[in-house]
Amino acid sequence: MSKIRARDNYFVWTDDEVELLLKVTLKYRAVMAAHHIDWESSQSKYGDIFQRYLELYPSPEKARAMGKDFPHRKEELNQGSLTTKLKAIRFRYRQALNASKKGYHKRVVLLYNELCNSIWEGYPIINGISEGIETGDVSVEAMPGGDRVAEDAAYVEMVADRRQTLDATQVGYRGEKLKRPLGSTENPNDSVAQEDTDIKRRLLQQLDTTDGEFMGTMGLWSSTVDRLTSNIELLMIKPDPEMDVQLRIGFIGAGNMAYGIAKGILSGDCLPVNVKVSAPSSRNFGRFEELGITVTHSNSELVSGSDVVFVAVKPHLVPGVLGEISQLVTQKHIIVSVAAGITLATLEQLLPVNTVILRLMPNLPCLLQEGALLFSRGSCAKPEDAALLRTLLQHCGLVEEGPETWIDVHTGLSGSGVAFVYLFAEALADGAVKMGMPSSLAHSIAAQTLVLPLFLPLNSLELGLSQPTPLGVIAFAIPLQGAGRMLRDTGKHPAQLRSDVCTPGGTTIYGLHTLEQGGLRAATMSAVESATERARELGQKTAAAGSTR
Numbered sequence: 001m002s003k004i005r006a007r008d009n010y011f012v013w014t015d016d017e018v019e020l021l022l023k024v025t026l027k028y029r030a031v032m033a034a035h036h037i038d039w040e041s042s043q044s045k046y047g048d049i050f051q052r053y054l055e056l057y058p059s060p061e062k063a064r065a066m067g068k069d070f071p072h073r074k075e076e077l078n079q080g081s082l083t084t085k086l087k088a089i090r091f092r093y094r095q096a097l098n099a100s101k102k103g104y105h106k107r108v109v110l111l112y113n114e115l116c117n118s119i120w121e122g123y124p125i126i127n128g129i130s131e132g133i134e135t136g137d138v139s140v141e142a143m144p145g146g147d148r149v150a151e152d153a154a155y156v157e158m159v160a161d162r163r164q165t166l167d168a169t170q171v172g173y174r175g176e177k178l179k180r181p182l183g184s185t186e187n188p189n190d191s192v193a194q195e196d197t198d199i200k201r202r203l204l205q206q207l208d209t210t211d212g213e214f215m216g217t218m219g220l221w222s223s224t225v226d227r228l229t230s231n232i233e234l235l236m237i238k239p240d241p242e243m244d245v246q247l248r249i250g251f252i253g254a255g256n257m258a259y260g261i262a263k264g265i266l267s268g269d270c271l272p273v274n275v276k277v278s279a280p281s282s283r284n285f286g287r288f289e290e291l292g293i294t295v296t297h298s299n300s301e302l303v304s305g306s307d308v309v310f311v312a313v314k315p316h317l318v319p320g321v322l323g324e325i326s327q328l329v330t331q332k333h334i335i336v337s338v339a340a341g342i343t344l345a346t347l348e349q350l351l352p353v354n355t356v357i358l359r360l361m362p363n364l365p366c367l368l369q370e371g372a373l374l375f376s377r378g379s380c381a382k383p384e385d386a387a388l389l390r391t392l393l394q395h396c397g398l399v400e401e402g403p404e405t406w407i408d409v410h411t412g413l414s415g416s417g418v419a420f421v422y423l424f425a426e427a428l429a430d431g432a433v434k435m436g437m438p439s440s441l442a443h444s445i446a447a448q449t450l451v452l453p454l455f456l457p458l459n460s461l462e463l464g465l466s467q468p469t470p471l472g473v474i475a476f477a478i479p480l481q482g483a484g485r486m487l488r489d490t491g492k493h494p495a496q497l498r499s500d501v502c503t504p505g506g507t508t509i510y511g512l513h514t515l516e517q518g519g520l521r522a523a524t525m526s527a528v529e530s531a532t533e534r535a536r537e538l539g540q541k542t543a544a545a546g547s548t549r
């Protein structure tokens, strides 16, 4: 049984902890299947599994009484390490499955194969005990100095010892198979049977002689190869052809947009250990660290260790930030700007020639993976760069590519549009309060009312309608449903959410000013009042008609 080590940058799992994690995952899969839901498409799967894991995780004292190895206290557990571990097991499992389909086997250690088969239903071809799923310990963040995975001699030796033990077990199995028939011949005097027995005895003696040499050689080979190639193996695993799961992603800026996009990216195959965030202040770092993301105050460090860099700062800060990192940006980087109003032409002037640049405009509902995101490619960005960005953002909401002239329109429609919806929701609730409804209930009903269109217009073909939903309807419905979800699920007052969207001197505050000039708030309250009065009139007429019968 492997021993536990808790260090600043490692969460090392025992075999019993891994087994419990897989059993909880299998139970979660069964529950979701009972509700006809694909569990892997659930955006809350890692959080749900983590909560159930915490409930079932025994205390160290109880674990010792059961003869199990659960040495952590519950407060030492975190969702980031669980997510990293479960993804790593899945990647190794798929690697074994891909090897089986191609007719060869990559040597990996088999643990809990049946549980993995039940969860992911792949059934790779496994030869003996030394092929299958490697559930060795996983670094959950990079160590200082820029290394992707820190070298740890003690850990490497522990894994090597485990592999030697498994190899010895396999040799034991082979020996037992040869020993069993030695005394089982029904007729010892039968010359053929005796000859067969002698041959098997000589083979067994030869095996016993060579096994010691073999195990010694394999031990030296395993420890050497593990030290030289462990980092390379982690970087080269590519179970999904659409995206390298070890792609390093950095965010310059730790605001709401960076957080929402990071959450969406981690809902896919990307590991938290491969994501880093930089900001001059530590004020917003806490929520990123809860996701298992590394934080830093150095933009230069972030760019040097990233493949894709999201520039998610206020527009007026962009020139200074790009000037700081410009010398570190290479043609291998992909720079994604999230800054409103900063054109591709400006970005290309501020960065080295031939830099791959994409301009992205998200909106606040990205925080709930209900965003509407539109991006445009710079002159050096290729279709495969756009495909990569689309894959990264697929769990953030609706993702579309279009010409840069649409970006400003999208900003007014969806980026600022959510604030317009918040103003409308606040006016709806205020109208209900005016007519006598408690404020908290009025705001809850207003939020739920705005969520309802989610089910109506987005896929008319599935509803049996003959024509697909027009793009204009989708463009209207996406910010509406995203804003409605934000109102309902965050529980914040519309005014607070509206303030979160407004940047001083930005597009949203100008749009809100126009709505106020047009009397949207007063008109909406009056509409609720008129509808309420009419409902009362209809009720009175119905009651009067009933009394005359």
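Under full-length UniProt numbering, the first residue of the sequence shown carries the number 1, and numbering increases by one thereafter. We treat Cβ as the ideally placed atom computed from N, Cα and C, and that holds for glycine.
Range of the contiguous alpha helix (DSSP H) that encloses residue i
{"i": "Val311", "result": "No alpha helix (DSSP H) holds Val311; the beta strand (DSSP E) holding it covers Val308 to Val311."}
{"i": "Pro60", "result": "Pro60 to Met66"}
{"i": "residue 555", "result": "With the chain covering only 1 through 549, there is no way to say anything about residue 555."}
{"i": "Gln448", "result": "Ser439 to Val451"}
{"i": "Val31", "result": "Asp15 to Ala34"}
{"i": "residue 567", "result": "Residue 567 lies beyond the range of the chain shown here (1 to 549); nothing can be said about it."}
{"i": "Ala429", "result": "Gly417 to Lys434"}
{"i": "Gln43", "result": "Gln43 -> no alpha helix (DSSP H), and no H or E assigned at all."}
{"i": "Val353", "result": "Counting along the chain, Val353 falls outside any alpha helix (DSSP H), and DSSP gives it neither H nor E."}
{"i": "Ile407", "result": "Thr405 to His410"}
{"i": "Leu322", "result": "Val318 to Ile325"}
{"i": "Phe288", "result": "Phe285 to Glu290"}
Selection from the options that minimises the alpha carbon distance to residue i
{"i": "Cys270", "options": "Ala34, Ala544 and Thr391", "result": "Thr391"}
{"i": "Thr330", "options": "Val318, Pro319 and Glu348", "result": "Glu348"}
{"i": "Tyr28", "options": "Tyr112, Tyr46, Val18 and Glu19", "result": "Tyr46"}
{"i": "Leu364", "options": "His333, Tyr510 and Phe420", "result": "Phe420"}
{"i": "Pro272", "options": "Val451, Ile509 and Gln246", "result": "Gln246"}
{"i": "Phe288", "options": "Asp500, Leu344 and Asn78", "result": "Asn78"}
{"i": "Tyr259", "options": "Trp39, Val313 and Asp307", "result": "Val313"}
{"i": "His333", "options": "Val309, Ile265, Ala279 and Glu533", "result": "Val309"}
{"i": "Thr405", "options": "Ala446, Ala340, Pro71 and Cys502", "result": "Ala340"}
{"i": "Ser379", "options": "Ala429, Pro403 and Val311", "result": "Pro403"}
{"i": "Gln496", "options": "Ala425, Met361 and Gln448", "result": "Ala425"}
{"i": "Arg248", "options": "Glu301, Pro60, Ile445 and Ala34", "result": "Glu301"}
{"i": "Ala535", "options": "Thr508, Met435 and Leu520", "result": "Met435"}
{"i": "Ile342", "options": "Ala531, Gly506, Gly539 and Ala522", "result": "Gly506"}
C-beta contact flag for residue i and residue j at 8 Å
{"i": "Asn354", "j": "Val321", "result": "no"}
{"i": "Leu82", "j": "Ile119", "result": "no"}
{"i": "Gly253", "j": "Val303", "result": "no"}
{"i": "Ile357", "j": "Ser326", "result": "no"}
{"i": "Trp13", "j": "Lys85", "result": "yes"}
{"i": "Gln369", "j": "Gly397", "result": "yes"}
{"i": "Tyr93", "j": "Val18", "result": "no"}
{"i": "Leu317", "j": "Leu423", "result": "no"}
{"i": "Ile335", "j": "Ser376", "result": "no"}
{"i": "Gly371", "j": "Gly511", "result": "no"}
{"i": "Gly264", "j": "Leu393", "result": "yes"}
{"i": "Phe285", "j": "Val275", "result": "no"}
{"i": "Lys68", "j": "Asp16", "result": "yes"}
{"i": "Arg359", "j": "Leu344", "result": "yes"}
{"i": "Ala543", "j": "Gly431", "result": "no"}
{"i": "Glu401", "j": "Ala386", "result": "yes"}
{"i": "Ser42", "j": "Met32", "result": "yes"}
{"i": "Ser306", "j": "His395", "result": "no"}
{"i": "Arg64", "j": "Val24", "result": "no"}
Residues bridged to residue i (per DSSP)
{"i": "Asp376", "result": "Here residue 376 turns out to be Ser, not Asp, going by the sequence shown. Paired residues: Arg359."}
{"i": "Phe251", "result": "Val277 and Phe310"}
{"i": "Thr296", "result": "Ser278"}
{"i": "Gly371", "result": "Gly397"}
Whole-number beta carbon distance between residue j and residue i, since they are thought to touch under 8 Å
{"i": "Ala381", "j": "Thr524", "result": "With 8 Å as the limit, Ala381 and Thr524 do not qualify as a contact, their Cβ atoms being about 43 Å apart."}
{"i": "Ile293", "j": "Val277", "result": "6 Å"}
{"i": "Leu115", "j": "Leu22", "result": "4 Å"}
{"i": "Arg498", "j": "Val451", "result": "Not quite, the Cβ-Cβ distance comes to about 17 Å (not below 8 Å), so this is no contact."}
{"i": "Pro315", "j": "Leu350", "result": "About 12 Å; that fails the 8 Å criterion."}
{"i": "Asn256", "j": "Asp500", "result": "6 Å"}
{"i": "Pro60", "j": "Pro71", "result": "5 Å"}
N-terminal and C-terminal residue of the beta strand (DSSP E) that residue i is part of
{"i": "Lys263", "result": "No beta strand (DSSP E) holds Lys263; the alpha helix (DSSP H) holding it covers Asn256 to Leu266."}
{"i": "Ile334", "result": "Ile334 to Ser337"}
{"i": "Leu398", "result": "Gly397 to Glu401"}
Below-8 Å beta-carbon distance, residue i vs any chain C residue
{"i": "Ala258", "result": "Note that chain C does not occur in the displayed structure, where there is just one protein chain."}
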